[in-house]
Structures are given as structure tokens and as C-alpha cells.
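Engineer: Pasting a structure below so you can have a look.
Number of protein chains: 2
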Amino acid sequence: MNAPLSSHVMPAVSIRPVPSAMLQALQAQFGSRCSTAQAVREQHGRDESPFPVTPPEAVVFCESTDDVVAVVNLAQAHAVPIIPYGTGSSLEGHLLAVHGGVSVDVSRMTGIVRINAEDLTATVQAGVTREQLNLALRDQGLFFPIDPGANASLGGMSATRASGTNAVRYGTMRENVLGLTVVTPSGTVIKTGTRAKKSSAGYDLTRLFVGSEGTLGVITEVTLKLYPLPEAVSAAICHFPTVDAAVQTTIQIIQMGIPIARCELLDRHAVTAVNRHDKLNLRETPMLLMEFHGSEASVEEQAQWVQELAKEHGGEDFQWARSPEERSRLWTARHRAYFAAMQMKPGCRTVTTDTCVPISRLAECIGLAVAQADEAGLPYYIVGHVGDGNFHIAYLIDPQRPEERATAERLNSQLVSLALQLEGTCSGEHGIGLHKMGFLIDEAGEASIGLMRSIKHAIDPKNIMNPGKIFQW
Amino acid sequence: MNAPLSSHVMPAVSIRPVPSAMLQALQAQFGSRCSTAQAVREQHGRDESPFPVTPPEAVVFCESTDDVVAVVNLAQAHAVPIIPYGTGSSLEGHLLAVHGGVSVDVSRMTGIVRINAEDLTATVQAGVTREQLNLALRDQGLFFPIDPGANASLGGMSATRASGTNAVRYGTMRENVLGLTVVTPSGTVIKTGTRAKKSSAGYDLTRLFVGSEGTLGVITEVTLKLYPLPEAVSAAICHFPTVDAAVQTTIQIIQMGIPIARCELLDRHAVTAVNRHDKLNLRETPMLLMEFHGSEASVEEQAQWVQELAKEHGGEDFQWARSPEERSRLWTARHRAYFAAMQMKPGCRTVTTDTCVPISRLAECIGLAVAQADEAGLPYYIVGHVGDGNFHIAYLIDPQRPEERATAERLNSQLVSLALQLEGTCSGEHGIGLHKMGFLIDEAGEASIGLMRSIKHAIDPKNIMNPGKIFQW
Numbered sequence: 001m002n003a004p005l006s007s008h009v010m011p012a013v014s015i016r017p018v019p020s021a022m023l024q025a026l027q028a029q030f031g032s033r034c035s036t037a038q039a040v041r042e043q044h045g046r047d048e049s050p051f052p053v054t055p056p057e058a059v060v061f062c063e064s065t066d067d068v069v070a071v072v073n074l075a076q077a078h079a080v081p082i083i084p085y086g087t088g089s090s091l092e093g094h095l096l097a098v099h100g101g102v103s104v105d106v107s108r109m110t111g112i113v114r115i116n117a118e119d120l121t122a123t124v125q126a127g128v129t130r131e132q133l134n135l136a137l138r139d140q141g142l143f144f145p146i147d148p149g150a151n152a153s154l155g156g157m158s159a160t161r162a163s164g165t166n167a168v169r170y171g172t173m174r175e176n177v178l179g180l181t182v183v184t185p186s187g188t189v190i191k192t193g194t195r196a197k198k199s200s201a202g203y204d205l206t207r208l209f210v211g212s213e214g215t216l217g218v219i220t221e222v223t224l225k226l227y228p229l230p231e232a233v234s235a236a237i238c239h240f241p242t243v244d245a246a247v248q249t250t251i252q253i254i255q256m257g258i259p260i261a262r263c264e265l266l267d268r269h270a271v272t273a274v275n276r277h278d279k280l281n282l283r284e285t286p287m288l289l290m291e292f293h294g295s296e297a298s299v300e301e302q303a304q305w306v307q308e309l310a311k312e313h314g315g316e317d318f319q320w321a322r323s324p325e326e327r328s329r330l331w332t333a334r335h336r337a338y339f340a341a342m343q344m345k346p347g348c349r350t351v352t353t354d355t356c357v358p359i360s361r362l363a364e365c366i367g368l369a370v371a372q373a374d375e376a377g378l379p380y381y382i383v384g385h386v387g388d389g390n391f392h393i394a395y396l397i398d399p400q401r402p403e404e405r406a407t408a409e410r411l412n413s414q415l416v417s418l419a420l421q422l423e424g425t426c427s428g429e430h431g432i433g434l435h436k437m438g439f440l441i442d443e444a445g446e447a448s449i450g451l452m453r454s455i456k457h458a459i460d461p462k463n464i465m466n467p468g469k470i471f472q473w
Numbered sequence: 001m002n003a004p005l006s007s008h009v010m011p012a013v014s015i016r017p018v019p020s021a022m023l024q025a026l027q028a029q030f031g032s033r034c035s036t037a038q039a040v041r042e043q044h045g046r047d048e049s050p051f052p053v054t055p056p057e058a059v060v061f062c063e064s065t066d067d068v069v070a071v072v073n074l075a076q077a078h079a080v081p082i083i084p085y086g087t088g089s090s091l092e093g094h095l096l097a098v099h100g101g102v103s104v105d106v107s108r109m110t111g112i113v114r115i116n117a118e119d120l121t122a123t124v125q126a127g128v129t130r131e132q133l134n135l136a137l138r139d140q141g142l143f144f145p146i147d148p149g150a151n152a153s154l155g156g157m158s159a160t161r162a163s164g165t166n167a168v169r170y171g172t173m174r175e176n177v178l179g180l181t182v183v184t185p186s187g188t189v190i191k192t193g194t195r196a197k198k199s200s201a202g203y204d205l206t207r208l209f210v211g212s213e214g215t216l217g218v219i220t221e222v223t224l225k226l227y228p229l230p231e232a233v234s235a236a237i238c239h240f241p242t243v244d245a246a247v248q249t250t251i252q253i254i255q256m257g258i259p260i261a262r263c264e265l266l267d268r269h270a271v272t273a274v275n276r277h278d279k280l281n282l283r284e285t286p287m288l289l290m291e292f293h294g295s296e297a298s299v300e301e302q303a304q305w306v307q308e309l310a311k312e313h314g315g316e317d318f319q320w321a322r323s324p325e326e327r328s329r330l331w332t333a334r335h336r337a338y339f340a341a342m343q344m345k346p347g348c349r350t351v352t353t354d355t356c357v358p359i360s361r362l363a364e365c366i367g368l369a370v371a372q373a374d375e376a377g378l379p380y381y382i383v384g385h386v387g388d389g390n391f392h393i394a395y396l397i398d399p400q401r402p403e404e405r406a407t408a409e410r411l412n413s414q415l416v417s418l419a420l421q422l423e424g425t426c427s428g429e430h431g432i433g434l435h436k437m438g439f440l441i442d443e444a445g446e447a448s449i450g451l452m453r454s455i456k457h458a459i460d461p462k463n464i465m466n467p468g469k470i471f472q473w
């Protein structure tokens, strides 16, 4: 880790034009569902990353796996890039058309194919969002726990291996996708996995596509694990004198094996932002926002242990939110921290880190991040899925001032470098996209990247699937 | 599922000879650690499958990743097959040298590289067995739960995506391997994953190698998740009037979300066998053998719920084993069911099924398996990780009577066919090896196999890594 980390600037845009024959064929087949309107293209050429808008040449609104096959077949014939698009909430430049091509919008694929309550599984089309699924499950006493904050599509969450606030107990998309329907670069439809809970049947294609960020195929259906709604749910907030005290409490919770369902850190900047944005009256100190799931007795017991641990570290004001409405208000505020913080610096964008480290190293990692950010003087806030060793420090930058972006990227690089020394990863849950391609080389090494590349070359020899993401061709 | 299932006979053996130059180079480098003795070769050319012994030409006892690199480099240069070997406890013909070559025995790689108790992780060499690891963890209040019965190597368990009795609560090797050191076919050493609990950093190479059965590289080190020893552990047995009653109880336990740690079915044949073999006095009816982990209160609560459910289905004689010694006696008996049953028909071998289905379909699947086995008249027994929807029916066959083997394979085919109709898998945990290559085609389809094959061709273009397993080149 002595060599400087690779640069993390946006790669040069080099467009492969969409031939008019292909555009005409798309328009003939899809009519008004194929758009080349500037506004539509621009909407599909950005995400929540700080990169400039880089629009595709056309957007096709697919409504079925067959629609996707039709687009892929044309893209294959004309060697044109395609970029799968769900809700546009990704964070690392995944959706930018850096090689041109066609955006394959699956947001209209909102069919809930099947809920098998008795097996705790559901199959949905790729455009179904997590909130839509949970609404459909509400009357069945079941839920799907993975919650990255944004109301993302389940196809997109699969493609980026998303996780979020519940992962400390329920795992990530890696653990909760049972199977996929995928249109491969050759236009073939494959189904990976089964509805069985476990399997040793051949290569784990499901997990190869989960996290492949659209570079190996277009996910059109997802089969997911569901969970019975817990008998009891309690949320609590607890204030701490320092970030370190909150983190030390978290480390002990995890080391003791307490099955906490959510364990989120907000630093005082994040608390201030959500107070203003959501008209809350939280004490503006670092805090943990926690949730406990289980039987009444188990929730009681977990909460008791955690209160004792928190107290040892100076935690105060354990406040409970037992009703669904109170809980919802707290979690909504947490999920809005991003938007809340953006309002602290009007017109800003964010550069957000996503390191994840072994739990015992979390205090060191987050401590350094805070010290460096304070020293640099950029406004920032921290939220973190600290139970997993994952946190986000978001630097608020003025897009008109390149030096702020450069400072934020320097801080991000320093933090990733530290996280890798601590045997962690540059990305806990946001993915690589454009933004972390250099970091991935530092983390995985050229030999592993070479292996990923050989898989990509074998499956997508014309490089039509979201080219230019994760690693260079 | 109308087409007949593909045949599941052993593929023709076609040997690629080991050139004498390579043998000499191995002997020069490894001395007595390179053996061509008939007994050593035969020991390495078999596993617990019913296939005839098919020995490699030589066996190299590796003691380090560098040793493995040296063998792989020679194999690559001479285009000679290599077959990774751990403890020889695989079940589907994984270890048979159907194309000749060299067995890479990692059983001497027994170094526990690191235990990071504070992070709940351990890194071990591939030859460390699960019992060895748990012995090393005993004083630290931690354990590694995955328990396939055999005292298998953790490298082999990774390579076959093993699971076993604790998977219902703790998941399989898929969920519990954080990272791997792998020697790829080009002789390159790569490290996949990190010690972070989750990651979205690029393709999930860890899960590509987990379950790849030695066909993509040789696993030399494994980083695993650990768990705090539960505060309380209770095991119980409960007898049922029928297999169906035991299975219905299990289905309800899972659907209610009770976090049972183990939920194992033994049919009356299995109970009879372990009674005789282990001098136990269990009632010879179908039974569930269960284990509960958690706090004292939680274990109490779980046990209470399960007793009520069992009672509704005619379950009787709930007997508790609270002391470690009593529990150990029960689980040892369970794990010995295989050997116990073999003694019921001296000289026999077994053909063992491994289907896994969605939990709601388990009663139907197991019911048909029992009816068909009873009708066919072959002796059999059933053990099952029924909480996962996974069970094994083992037909005891006389290897001298090919018609018994044929009958057992026919029953196995019928059962797999049903399991696939029920949206399950042909292999819950044993892998494909030689035995289920036809089943895998039926399950995954030619297009998915084509994708697996293209990955194999890209990573191992000379087909040196355990050739002839999972799918045909």
C-alpha cells in the first residue's frame, strides 16, 4: 500500500454511435416506448454520483423480458452498448453512457410475478421497487428487509449488490437473491438458481450476476427470500458524547453476538441536517439509531443488553419508538439524511465514501476519516451501517469549484487506502461503477481484475453490456 | 420435465498421460512428497460415491500455496489434469481421475493462519478440518457452525459449497466464506474477498470459486465467518407416528420463523441403524433431532413453541439433552447414520439422493421418495436437513449386483425429476461431480451450462483443473 492509489477521475468518454438502422428498428418495434428526446436521454444519463450527465443516444422502455431480448439482439447485431436502468438511484456513475448506446429502462416492469408466502419467497420483475414489494407483502405477515434507503428497483439492487440498514441481521442482496432471470449478451434468456433455499448445483451464476453492475447481462426477474414480520419491533435512539463512543458500543454489540436488526450511526452534522429538514428535535450529538426484531421477550432482552453497553460508553437518553408511526418517522429522517444534508449547502453535490472494514478496526477507520475531514475544512456528514463495519462520509462540494471536488476525492482516496490496510473493502454496498475503478485495482489486484476481465470477455465478447464500468476492457 | 432425465452413468475414462518429464520434475522438487505408489494412488482415486476407483498417476502432498503453484505450473506446461484432494469425503465422484493426471493433496496444509476473535473471522489453510478449527476456537468462546457430518477439510467444503446440520440457521459455505486464496490454472495466486463482512467491489469471485469443485483453481486458504458460542444450547429429540408428521412440524417451524439451529429428520430405518451401531435405545419411529441456540430465555421460548407444534402433529416423547456430553452423543449418532446403515447390509455401497425443495413442497417430495423406495424393495434410510427442505435417501446396494445400482439410479432420477418440478434443486449440498452431470443439465438448462462452460474455457483454457466434473468440456 505504499504506491499511491490510482486516480479516480471520470474516464474519457468515447462514443460508439448507434447506427440509424438500429434506431429505426427500435422505433419500429417500440414506437413511443423508444425515446430520443433530450430530456429523457439526460434523465437516463445521470445518477446520484457527482459526474457530469452523459446521456445515451436513446432510451427504450421495456415492459417484458421479451422486450429486453429484442433490444439486446439489436445491440448485439450492431455492437452497440446498452445500459440497464431501474430508478436511477445508483451512486457511482453506473448509468452514465460513457460509450454511448441505448438505455434499457425496466422501470415499467413492475409485475409481482409470484409471492409464495408458505415458502418465504417472491419473484418480481426487475422494475419492482422494495417499497412496492413490501406493500404487496403487508397483508401476508411477511417483509423483504433489504433497505438501501432509496426506493430502488430490485433489479438494480441485485445488480449493485445493495444492502443498507437491515443488513447487519438479514444480510445483503448477496444472501437474499435466490435466483434471477437474465438476458445474456447473446440475447439468450437464462434462469439462475431455483426456489430451494440452498444448492450445490454448479457454478453460482446467481452470485456472479449479483453485483455485476449490468456488465454481464440484463436482469429482468428476481426471486427473493422473504421473512416473517417479527412478533415485536422496537426502535431506539441513544446519544453519545463522541463518534468513537458510539462506535465502541457498536463493536461490542456485534462481538457479543446480539442479533440487532439495525445499528446506524449519525454524526452530529447528520443529526443537525435531519433536525432542520424533518423538523425533529434530536440532541445534536453523535447518535445510534437502532432496531430490535424478535419475540417480545427477545426484543426486551436485546434492548437491555444494548442499554448496558451504551451506558458504559457514556450513552444517554435512550429513547424508544415502539409504535410503527414513531419508528417510521425516525427511519424516514435517517433515509433523508442525504437530501437533508444537501440543503445545508444549496446547489452542492456529494462525494460519498463507502468503505467497510472488519468490525474491530471500525473505530480507527472512522476516527481517521473524521480527523482528515475536519482538517480539510469541507462540510461533511457521516451516516453508517456501523454494525457491518460500513459507513459513509459524504463531503458536500460545490460543483462549480473543482478544487472542492479534488479535496473530496483526495480524502476519499486516503480513507480507502486506510480501509485496505485494515483488510477492508473500498465498497461496502454502492459498487464500483466509474468512480472506484482505480480503488478496485488497489483492492483486488491486477490478477483478480484479469480474472474478472476474462469472464467479461467470455460472456460479452463485443462489450455491449454497460461497457466501461467496474474495470477497463 | 416431460423429456426423460439424462443418464447418470459414469462418463468414459479417457486418460491424458503424465509425461515423464513432468513426473521427474515433480519427483525432483517434492522427493518423497510425490508418490506413485499404487496404494496411495488408489486412495486418492476414490471418494464416498459408488463409482469404481479411478486413480491418478501421481499424488503430490503439498504443504504451502507455493507448492501448489509449482504443481500447477508443471501441469499447465504439460497440459496435465490436476485434482485437488482434501480428506476424500466427497460424495459424487469429485476426486476420480477420469482424465488421469496428478492429485494435489492439501491435507498437510493444516496451518491456522489467523484467528481474529474480535472480528469473528479466521483464516486457515485448505487442509484444516472443521473439527480442527473448532478445537482451536474452543477457548475463545467462538465456533464455526458449518457441519456436513464428515470431518471434511475447509478447502473441500468450500469447493463443494457444503452445508449440513446447522445450515438452517447459519447458512452454508456460500454465506460463510469471506475470502479465498486460489491458485488459478495459470499458476497465479489470487486473493478474493477481504475480511470485511460485506462488499460490492466487483464480480463475486469468492462465490464463483465456492462450489466450483476444483474446476477453476486450487483453493489453498479460506477466510471464514465465526460466531460467538451461544449462551445456551439445548438439543431435543421428538418421535412422530409418520415421516409426514415430522415433516409437517418442520414446515411450520420454518414458516413461523423460529430460529432453530438444527432440525434433522431420521426415518425409522436410520433410527434402527444408529440404535444398533451406537448402542442407543431410541424408539424406532421417525424422529426429529433438533437444537436450539440463543440466550437462556430465547432457547426456552423456541423450545416451547416447537413442542406445541410437534404435539399438534402427534409428536411424543420430547427428550432433552442439555449437557454437552448428551448432545455430543446424539449428534455423533446422527453423523454416523451413514456408517451405521452400511452395517445393515455388509459389503454394500450407497447411492444417495440430495434434492432440496421449497419448504412447502417437502412433504410431497419426501412422501413420494418413501413410496417409491418401499415399492422398489431396496433397503434404504432417510436422513434430512429438513429445515432447509433438503434430505438424503440412501439406497443400500450390493456393488456386485448391477441391477441394484440401476434400480437405485432410477429412483434417484425419479426423485430429481420431481424435485425440479417442485422448483427445487438436484443438489442441496453434495455438488455435481460426475454423478449428477445429467441432472444439472435438466435443472439449469443448456444455456446456463453454456455460460458455465464459457467461464471454464476462459479461466482454464487447457482444461487442467479437475476436468470432466460438473459439465462436459
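Listed in order, the protein sequences are those of chains A and G.
Numbered by this note's numbering, the letters in the first sequence go through residues 1 to 473 in order.
Numbered by this note's numbering, the letters in the second sequence go through residues 1 to 473 in order.
All C-beta atoms in this analysis are idealised placements derived from N, C-alpha and C, irrespective of residue type, glycine included.
1. Alpha carbon to alpha carbon, what distance is there between Thr129 (chain G) and Ala394 (chain G)?
2. Starting from the N-terminal side, write out each stretch of the alpha helix (DSSP H) that is 4 residues or longer and does not extend beyond the segment 211-299 of chain G.
3. The alpha helix (DSSP H) that contains Asp374 (chain G), what's its start and end?
4. Determine, using beta-carbon pairs with one atom in the segment 348-365 of chain A and one in the segment 189-200 of chain G, whether at least three such pairs fall under 8 angstroms.
5. I need the boundaries of the beta strand (DSSP E) containing Gln343 (chain A), first residue and last residue.
6. Quick check on the DSSP output: the beta strand (DSSP E) that includes Glu316 (chain A) runs from which residue to which?
7. Using a C-beta cutoff of 7 angstroms, does Gly202 (chain G) count as contacting chain A?
8. Beta carbon of Val351 (chain G), beta carbon of Leu266 (chain G): below 7 angstroms?
9. At a CB-CB cut-off below 8 angstroms, which residues of chain G make contact with Asn537 (chain A)?
10. Quick check: the Cα distance between Gly164 (chain G) and Ala303 (chain A), rounded to an integer number of angstroms?
11. Below 8 angstroms on C-beta distance, what does Lys225 (chain G) contact in chain A?
12. Threshold first: 4 residues or longer. Then list the alpha helix (DSSP H) segments lying entirely within the segment 371-429 of chain G, N to C.
13. Give every residue of the same chain whose Cβ lies closer than 6 angstroms to the Cβ of Gln472 (chain A), excluding the five residues on either side of it in the sequence, and list them in chain order.
14. Is His277 (chain G) closer than 7 angstroms to Ala340 (chain G) when the C-beta atoms are compared?
15. Could you tell me which uninterrupted alpha helix (DSSP H) segments, each at least 4 residues in length, are contained entirely in the segment 33-95 of chain G, listed from first to last along the chain?
16. Applying the criterion that 16 or more other CB atoms from any shown protein chain within 10 Å of the CB defines a buried residue, is Ser413 (chain G) buried or exposed?
17. Quick test of the definition: if touching needs 3 or more C-beta pairs under 8 angstroms, does the segment 114-121 of chain A touch the segment 182-189 of chain A?
18. Does the beta-carbon of Ala28 (chain A) have 16 or more other beta-carbons within 10 angstroms, so that it is buried, or is it exposed?
19. Between the segment 386-393 of chain A and the segment 438-457 of chain A, are three or more C-beta pairs nearer than 8 angstroms?
20. Identify the continuous alpha helix (DSSP H) that holds Asp105 (chain A) and give its terminal residues.
21. I'd like to confirm the pairing. Which residues does DSSP put opposite Lys191 (chain G) in its beta bridges?
22. Expressed to the nearest angstrom, what Euclidean distance is found between the alpha-carbon atoms of Thr250 (chain G) and Val386 (chain G)?
23. Do the segment 219-227 of chain A and the segment 245-261 of chain A touch if we need at least three Cβ pairs shorter than 8 angstroms?
24. To the nearest angstrom, how far is it from the Cα of Pro84 (chain G) to the Cα of Val59 (chain G)?
25. How big is the Cα-Cα spacing for Glu364 (chain A) and Gln248 (chain A)?
26. Pick from G:Glu429, G:Gln319, G:Pro259, G:Lys279: whose alpha carbon is nearest that of Met490 (chain G)?
27. Between the beta-carbon of Cys348 (chain G) and the beta-carbon of Leu396 (chain G), is there less than 7 angstroms?
28. Report yes or no: is there a C-beta of chain D within less than 7 angstroms of the C-beta of Pro228 (chain G)?
29. Of the residues that make up the segment 106-117 of chain G, which ones have a beta carbon closer than 7 angstroms to any beta carbon in chain A?
30. By Cβ distance below 7 angstroms, which residues in the same chain neighbour Cys263 (chain G) in space, the five residues on each side in sequence not counted?
31. Does Met452 (chain A) have its Cβ less than 7 angstroms from a Cβ in chain G?
32. Pull up the distance between the alpha-carbon of Gly155 (chain A) and that of His435 (chain A), whole angstroms please.
33. Taking the C-alpha atoms as reference points, what is the distance between Asp354 (chain G) and Gly424 (chain G)?
34. For Glu429 (chain A), go through chain G and note every residue whose CB falls closer than 7 angstroms to its CB, in chain order.
35. Please check if any C-beta of chain A sits within less than 7 angstroms of the C-beta of Ala393 (chain G).
36. Under a CB-based cut-off of 7 angstroms, is Ala447 (chain A) close to chain G?
Structural biologist: Let me lay it out:
1. Rounded to whole angstroms, Ala394 (chain G) to Thr129 (chain G) spans 25 angstroms at the Cα level.
2. With a minimum length of 4 residues, the continuous alpha helix (DSSP H) runs that stay inside the segment 211-299 of chain G are 243-255, 268-278.
3. 362-376
4. yes
5. Unbroken run through Gln343 (chain A): none, as it is neither H nor E.
6. Element bounds for Glu316 (chain A): 316-321.
7. yes
8. Result no, Cβ atoms of Val351 (chain G) and Leu266 (chain G) do not sit closer than 7 angstroms.
9. In the structure as shown, chain A begins at 1 and stops at 473. Residue 537 (chain A) is therefore absent and cannot be evaluated.
10. Looking at the two C-alpha atoms, the distance is approximately 32 angstroms.
11. By Cβ distance, chain A contributes nothing, its closest Cβ being about 11 angstroms from Lys225 (chain G), past 8 angstroms.
12. 402-421
13. none
14. yes
15. 38-44, 65-78
16. buried
17. no
18. exposed
19. no
20. Unbroken run through Asp105 (chain A) is the beta strand (DSSP E), 102-105; no alpha helix (DSSP H).
21. G:Thr181
22. Each residue's CA atom was taken as its position, placing Thr250 (chain G) and Val386 (chain G) some 7 angstroms apart.
23. no
24. Their Cα atoms are separated by approximately 10 angstroms.
25. 10 angstroms
26. Beyond the ends of chain G as shown, which are 1 and 473, falls residue 490 (chain G); an answer cannot be given.
27. yes
28. The displayed structure is made up of protein chains A and G, and chain D is not among them.
29. The segment 106-117 of chain G vs chain A, Cβ under 7 angstroms: Asn116.
30. Val168, Thr250, Ile253, Leu288, Met290, Val386, Gly387
31. yes
32. Near 21 angstroms, if we compare the C-alpha coordinates of His435 (chain A) and Gly155 (chain A).
33. 11 angstroms
34. Lys198, Ser200
35. Residue 393 (chain G) is actually Ile in this sequence, not Ala. No, its Cβ sits nowhere closer than 7 angstroms to a Cβ of chain A.
36. yes
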